[in-house]
Each structure stands twice: as C-alpha cells, then as structure tokens.
Ligand code: FBP
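In the numbering used here, the protein residues as written are 27 to 578.
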C-alpha cells in the first residue's frame, strides 16, 4: 500500500517557475540598490530605534558573470500559524543557497523560535527536503508562537547560531515575526554580530501587506479552500431550501479572508469587521440588518441563505471592544477568580469586580457560553483569546431571539433554522495552490539571493504577482521602512503595520456594489476544489482581491 496519495506523487513532480532574472545559469545574482524606503509614519521614532538599518535602499536583482562565491551556513524557522507553501520557501531557499555555492548548508530550527533558543535543529539536506516539495503544512521543521523580544534571547540566538557557524537567519512569519526579524537584524549590526537576518511574509490572514508586499503566502490557498466549502454549502442551501448557514471564517483581526470568499462565492451576507468599526455598529445594529435581509428573503419564500462572519468580528464591535479591554485590564491587575466572575449574573456584582456599568450590561446580554469564553479563554498575557470565541453561535443566539420577537409581534412568519460552521484549520495546510507553490519558492530563492549579496534587515518580496510568473519581480524591502509606532502592552513599540480591509479600496468597492443583489437573489458561484492541473486560467489564477488591487 502506498503511503502517499496519487496527488501527492504528482505534486512532488511540480517544478515551480522562477522569473527570468533567476534563470540565467552560469551567472551570479547581484543587487541593484534603489531609493531608500523610509517609514510613512513616525519616521523620527523609527530612526532613533533603528540607527543601523534605517534608510536602507530597496533592492532588485541582476545577473553578472559567474564568480566564485563563499558557502553560506543559514538557519531557518517558521513562526506563527501554518500557511500553505511554507515548505516551498525552504525548498527555494535551499536551491538558491546551493546555486550560490554547493557547499552551503541549511539548518532548520525546530518548532519555531523555541528551536532557536534551545538549539534544537536539523540539517536540511536535499534528501530531507525532497518529499516536502509542493506539500502543505509546516511539519518539515514545525512552528511555534514564542516571541523573541529580549536582548538575552537575542544573545542566546547568537550563541546557538555561532555554534553552527551560521551567518544568516531566515524568519518565515507574519507581521509580528517580521518585526522581530527587523529588530534582530538591528541588534546584530549594533553589536557587531556577523549574522544577517531576512524575513519572508507568511499568514493566511492576508494582513501583512503594503505597497511592497502584494500578499502574504497562504492567503490564496486558504481562500480557495474556504470558497470551495462555502460554494458547496451554497449548493446545499438552494437544494434543501431550509437552512441559514452561519459561517465563521479564520482571520484573527482583518476581514480579508471573508471579503475574498464573498467575492468568490457571492454569499448572501458577509460582515466586514472594518466596516462595523468604521460605522460604529453595535451588536444590535448588526443583528437588525441581518434580520431585515432574512425577512426580505422570507417574503420571497426563501428561508435559507449564507452568512459569512470574520473570526475577529467581536473585537470590532465598539461595546464589546470596550468590554474586552476592561476584562483584560481587570484580569491583569487583580487576582481574580475567573470561575466566579464567569458565573456572576448580577450587574452590581460585576461592577464590584471593576467593570463599568455599561460593560456589565453588555456582558450580561451575551449568552452564557460566550461569557464563559470571554472570561476563561486567556492567552499567556492574560488577554481574551478572541479567535476562540464562537461568534457564529453568538449570532445564531441573537438572531433566533430577535426573529422570535418579530414572529410574536406578527412581523415575521418565516422559519429560521440555523446551522453554524467554522472554517479555519482546514485551509492552512493544504498542498499549496500553484500560485502559492510558485510564490513561496520565489520568496525563498529571493531570500537566498539577498544572503548572497550580504544584506540584512530585509523582507523578501515579489511584485507583479497578478502576472505570469516569468514576469514576477523579486525585491528586497528594508523592514525598518515598513515600521510605525504602536501601543502594545502599555508602551510604544515599533511594529510593521497590520493591513486591514481598506474601505476605500477596490475589493471592498466590488463587494459593496453587489451586496444588495447577492443578499436578495441567489447569485451563488461554486468555485470547486483547487485545481493543480489543467487550463492555466484556472490552475494558476490568483485571488480576486489581488487581481482587483492590481488592475481594478
Ligand atoms: P499567523 O498570523 O501567525 O499566520 O496565524 C493566523 C491564524 O491562522 C489566524 O487566522 C488564527 O486566528 C490563528 O492563526 C489561530 O492560531 P492557532 O494556530 O494558535 O490556533
């Protein structure tokens, strides 16, 4: 019996494409330096914190006559949540390093930043990497969410790298992890530690994006997986005609995934958290507007539909945001018995704990299950784990109760039979789409090219992603130029700015133009499963978000 599927066998044979510049055998890849990239905000504060890496130029690549280059010993880690294509970043990095010098070595630190701190590593050889090419998951070396933010941790990283003679480190992660990459590069330069640091943009959430990072890897594959599932549910809904499907979609803060899935499937209703915040919509406002669509469809005999909800919604609803922040503060300041707080159903009692009167009322209006999640599910900093809140159940509870009232008052005579879903983990480790497989391989290869050129404090970037791969343009982008100052855990910190849905942007405009029609009529689109083979217009397509952002 084969231990890998026929599809896995075929995917192993897939050869990612490199753009022209990386395909000139027998040449050296060198860099061209362009204008410096300066932060758009908080320039002076960033300059003070990044004296060594501030004002570095954007770089592109060119090929020159081949000369002997030194071998490089490089370390690599995954940091944060899984995203399809990670193994191809490593494959591209490995191939790029071997192209520089066949004696180069690549070490994978295991289970994310923890591996760097404990020197838990393996050497990544051609044989070891081979079965992981074009596969999903991060299981080649694992990942983790430990944050590297203290100098003593940086010194440990230095010691462990020195033991392996490592002169470059590649951090594959999201906005926080790449912020760390920038800080580490600065620390090493400031302390004359000869270790280069390069980042690669990963996260299914799509929120590590700016003028230079057109998308983060994993977003394409995850949205295709969720859209396939949503499309199948749409088909079930118009077949059975009896359920409203309330679907929570992963994406911790930003609503890019929900928006892309709406564009791909034309679900009847999609909530965009950024719009909720911008319009200061209360939970009741949201429930009322969903109910009016449910009522309208019911008047046409359609007691079914699809509602997409972004994972991070509750944090964008003003009164719940205040409640969460008050709960975070009181949990941090006081030695509180979480269980008795969770069981308190009296507003005066809650005020004694330190909640404001308004937050106590908001808290008590939530279903018991959600109250429990708000109080009990805390991360290592004591903060609410917003991603663990069953927002789909919260909405089902509130919608059912409102529709019941409307029924009792004679304003609604339909039937509301809800089904809750959460699509998250099923989209993070699928074999990468052709787009992500190619994109990731190129990100890794670009990281190797920057290592070869001796650069540090850069993020690997590919531009022109809506074009065929041959026209893609690899870049190196200085991380300090993408920073701004934000308040985190009580103090001002330099961080790469998270990209939320732009309500003035083209993807949102496209959604907004169509949403009334999608709400009333059944305009469902059924994207079907990811296609790895077949017509390029399907197999190599990128997301609608990227297409709209690049071309309109
Ligand atoms: P990253 O930003 O680290 O890539 O993770 C994103 C994400 O998939 C979110 O969408 C989700 O909220 C979170 O990870 C889940 O985290 P965990 O894997 O720890 O449950």
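Virtual Cβ for every residue (Gly too), placed ideally from N, Cα, C.
Since this is a predicted model, take the numbers as computed values, not measurements.
Exercise. Measuring CB to CB, does residue 565 end up less than 8 Å from residue 490?
Worked result: Not in contact: residue 565 and residue 490 (Cβ atoms no closer than 8 Å).
Problem set entry | Under the three-state DSSP convention, the category residue 515 falls into | Reduced to three states, the DSSP call for residue 515 is coil.
For this session: Helix, strand or coil for residue 259, going by three-state DSSP, please let me know.
Result: In the three-state reduction of the DSSP assignment, residue 259 falls in the helix class, which pools H, G and I.
Exercise. With distances taken from CA atoms, which of 42, 445, 573, 233 is nearest residue 469?
Worked result: Ranking 42, 445, 573, 233 by Cα distance to residue 469 puts 42 first.
Problem set entry | residue 508 CB to nearest heavy atom of the ligand PLP below 7 Å | No copy of the ligand PLP occurs in the structure displayed; its ligands are the ligand FBP alone.
Exercise. Which one or two residues does DSSP pair with residue 90 in a beta bridge?
Worked result: Its beta-bridge partners are 54.
For this session: Work out the CA separation of residue 499 and residue 493 for me, nearest whole Å.
Result: Cα-Cα distance, rounded: 10 Å.
For this session: State the DSSP-derived secondary structure class of residue 344, mapped to helix, strand or coil.
Result: In the structure shown, the three-state DSSP call for residue 344 is helix.
Exercise. Distance, Cα to Cα, residue 80 vs residue 275?
Worked result: Answer to the nearest angstrom: the Cα atoms are 37 Å apart.
Problem set entry | Inter-residue CB distance, residue 481 and residue 85 (contact presumed, cutoff 8 Å) | Confirmed, Cβ separation roughly 7 Å.
Exercise. What is the C-beta distance between residue 291 and residue 451, in whole angstroms, given that I count them as a contact (C-beta under 8 Å)?
Worked result: The Cβ separation is near 20 Å, so there is no contact.
Problem set entry | Where the beta strand (DSSP E) through residue 270 begins and ends | Judged by DSSP secondary structure, residue 270 falls within the beta strand (DSSP E) whose first and last residues are 270 to 275.
Exercise. So, is residue 88 buried or exposed, given that buried needs 16 or more other C-beta atoms within 10 angstroms?
Worked result: It is exposed - the Cβ of residue 88 has fewer than 16 other Cβ atoms within 10 Å.
For this session: Sort 509, 567, 536 by Cα distance to residue 70 and report the nearest one.
Result: Nearest C-alpha to residue 70: 509.
For this session: Would you mind listing the alpha helix (DSSP H) stretches within the region 324 to 381 that are 4+ residues and don't spill past its ends, in chain order?
Result: Within the region 324 to 381, the complete alpha helix (DSSP H) runs of at least 4 residues are 344 to 359, 364 to 369, 373 to 379.
For this session: Would you tell me roughly how many angstroms separate the C-alpha atoms of residue 363 and residue 419, rounded to the nearest one?
Result: C-alpha separation (whole angstroms): 26 Å.
Problem set entry | Same chain, Cβ closer than 6 Å to residue 455, five either side skipped, listed in chain order | Around residue 455: 108, 162, 163.
For this session: Out of 194, 191, 228, point me to the one whose CA is closest to residue 205's CA.
Result: Just measuring C-alpha positions, the residue of 194, 191, 228 sitting nearest residue 205 is 228.
For this session: Select from 321, 533, 555 the residue whose C-alpha is nearest the C-alpha of residue 256.
Result: Here the closest residue by C-alpha is 555.
Exercise. My guess is that residue 581 and residue 143 are in contact by the Cβ rule of under 8 Å, so how many angstroms apart are they, rounded?
Worked result: Absent from the model: residue 581. The displayed extent of the chain is 27 to 578, so no value can be given.
For this session: Could you tell me whether the region 330 to 343 touches the region 291 to 300, where touching means 3 or more Cβ pairs closer than 8 Å?
Result: Output reads yes: the region 291 to 300 touches the region 330 to 343.
Problem set entry | Contact set for residue 387: own chain, Cβ-Cβ below 7 Å, skip 5 residues either direction | The answer, listed in chain order, is 373.
Exercise. Where are the beta strand (DSSP E) runs, 3 residues long or more, that stay fully inside the region 414 to 459, in chain order?
Worked result: You should have 444 to 449.
Exercise. Do residue 244 and residue 380 have their CB atoms nearer than 8 Å?
Worked result: For residue 244 and residue 380, no; Cβs fall outside 8 Å.
Exercise. How do the region 217 to 233 and the region 180 to 200 stand: do at least 3 beta-carbon pairs fall below 8 Å, yes or no?
Worked result: Flag = yes, the region 217 to 233 and the region 180 to 200 touch.
Exercise. Would you call the CB atoms of residue 173 and residue 202 closer than 8 Å?
Worked result: Less than 8 Å separates the beta-carbon of residue 173 from that of residue 202.
Exercise. Between which two residues does the beta strand (DSSP E) carrying residue 500 extend?
Worked result: DSSP places residue 500 inside the beta strand (DSSP E), whose first and last residues are 499 to 504.
For this session: Let me know if residue 37 comes out buried or exposed under the rule of 16 or more other beta-carbons within 10 Å of its beta-carbon.
Result: Of the other Cβ atoms in all chains shown, 16 or more fall within 10 Å of the Cβ of residue 37; this residue is therefore buried.
Problem set entry | Beta bridge counterpart(s) of residue 194 as assigned by DSSP | According to DSSP, residue 194 bridges with 100, 222.
Exercise. For residue 577, which residues of its own chain have a beta-carbon under 8 Å away from its beta-carbon, when the five flanking residues on both sides are left out?
Worked result: Hits under 8 Å: 492.
Exercise. In terms of residue numbering, what span does the alpha helix (DSSP H) encompassing residue 396 cover?
Worked result: For residue 396, the enclosing alpha helix (DSSP H) covers residues 394 to 402.
Problem set entry | DSSP beta-bridge partners of residue 486 | Per DSSP, 502.
Exercise. CB of residue 109 to nearest heavy atom of the ligand FBP: below 7 Å?
Worked result: Correct: residue 109 has its Cβ closer than 7 Å to the ligand FBP.
Problem set entry | Of the listed residues 310, 316, 340, nearest to residue 279 (C-alpha basis) | With distances taken between Cα atoms, residue 279 lies closest to 340.
For this session: Would you kindly work out how many angstroms separate the C-alpha atoms of residue 526 and residue 57, rounded to a whole number?
Result: About 32 Å.
For this session: Please go through the same chain and pick out, in chain order, the residues whose beta-carbon is closer than 6 Å to the beta-carbon of residue 115, but skip the five residues on each side of it.
Result: Counting only Cβ-Cβ distances below 6 Å, and skipping sequence neighbours, we find 198, 226, 466, 469, 470.
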